[in-house]
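For the sequence shown, UniProt numbering assigns the number 1 to the initial residue and increments by one for each residue that follows. C-beta: ideal position from N, C-alpha, C; glycine also. Computed from a prediction, not measured in an experiment: that's the story for all the values here. For reference, the structure is listed below as structure tokens.
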Amino acid sequence: DLLIAIKPRLDDPELPNRPSLVNDLYQLAVLAESFSQKRPRSNNAWIDLADSLDQEGVNLWNISGLICKTPDDADLRTLIAMLRLAAFRLVEAGLEAKPGIE
């Protein structure tokens, strides 16, 4: 539900209410990290959900790249960082095995 609420707000070129959006992205990152720690690995029932999480993470990462092309702004840098954290956590939650440090 949180991701569904975030996505339309990212479509607005003015990105209204950035502090609220940053907070929601942080909450999404926390939820995705919690999910990745608790979900069973190699369980066929989770494969579709894992694929969806991975795809949404890639989408958020791509959006952060588009926002990077706008004029420099401290608030935007915070938003971009939070987009990338949430994206990473979603992709991580979609992985079958936890990635190594390498």
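Please classify L95: does DSSP put it in a helix, a strand, or coil?
On the sequence shown, residue 95 is found 95 positions in, with the first residue counted as 1. Correct three-state label for L95: coil.
With DSSP as the reference, label E14 as helix, strand or coil.
Numbered from 1 along the sequence shown, position 14 holds the residue referred to as residue 14. Of the three classes helix, strand and coil, the one that applies to E14 here is coil, per DSSP.
Considering D54, what are the terminal residues of the alpha helix (DSSP H) in which it resides?
In the sequence shown, the residue the question calls residue 54 occupies position 54. It spans 47-68 - the alpha helix (DSSP H) in which D54 sits, taken as one unbroken run.
Assigned exposure category for G65 - 16 Cβ within 10 Å defines buried
The sequence position of residue 65 within the sequence shown is 65, counting from 1. The residue in question, G65, is exposed, as its Cβ has fewer than 16 Cβ neighbours within 10 Å.
Taking G94 and A45 to be in contact with their CB atoms under 8 angstroms, please state how far apart those CB atoms are, rounded to whole angstroms.
As a working mapping, residue 94 is identified with position 94 in the sequence shown. As a working mapping, residue 45 is identified with position 45 in the sequence shown. At roughly 14 angstroms, the Cβ-Cβ gap does not stay under 8 angstroms, so G94 and A45 are not in contact.
Touch test, the segment 82-92 against the segment 18-36, Cβ-Cβ under 8 angstroms, three pairs minimum:
yes
Does the Cβ of R9 lie closer than 8 angstroms to at least one heavy atom of the ligand GDP?
Ligands in the displayed structure: none, and consequently the ligand GDP is not present.
Mapping DSSP to helix, strand and coil, what is N23?
Here residue 23 is taken as the residue at index 23 of the sequence shown, counted from 1. Note: N23 maps to helix in three-state DSSP.
For D75, three-class secondary structure by DSSP
Translated into the one-based positions of the sequence shown, residue 75 becomes position 75. In the structure shown, D75 sits in a helix (DSSP, three-state: H, G or I).
Would you decide whether E14 is buried or exposed? Buried here means 16 or more other CB atoms lie within 10 Å of its CB.
To locate residue 14, count along the sequence shown from 1; it is residue 14. By the 10 Å Cβ count, E14 comes out exposed.
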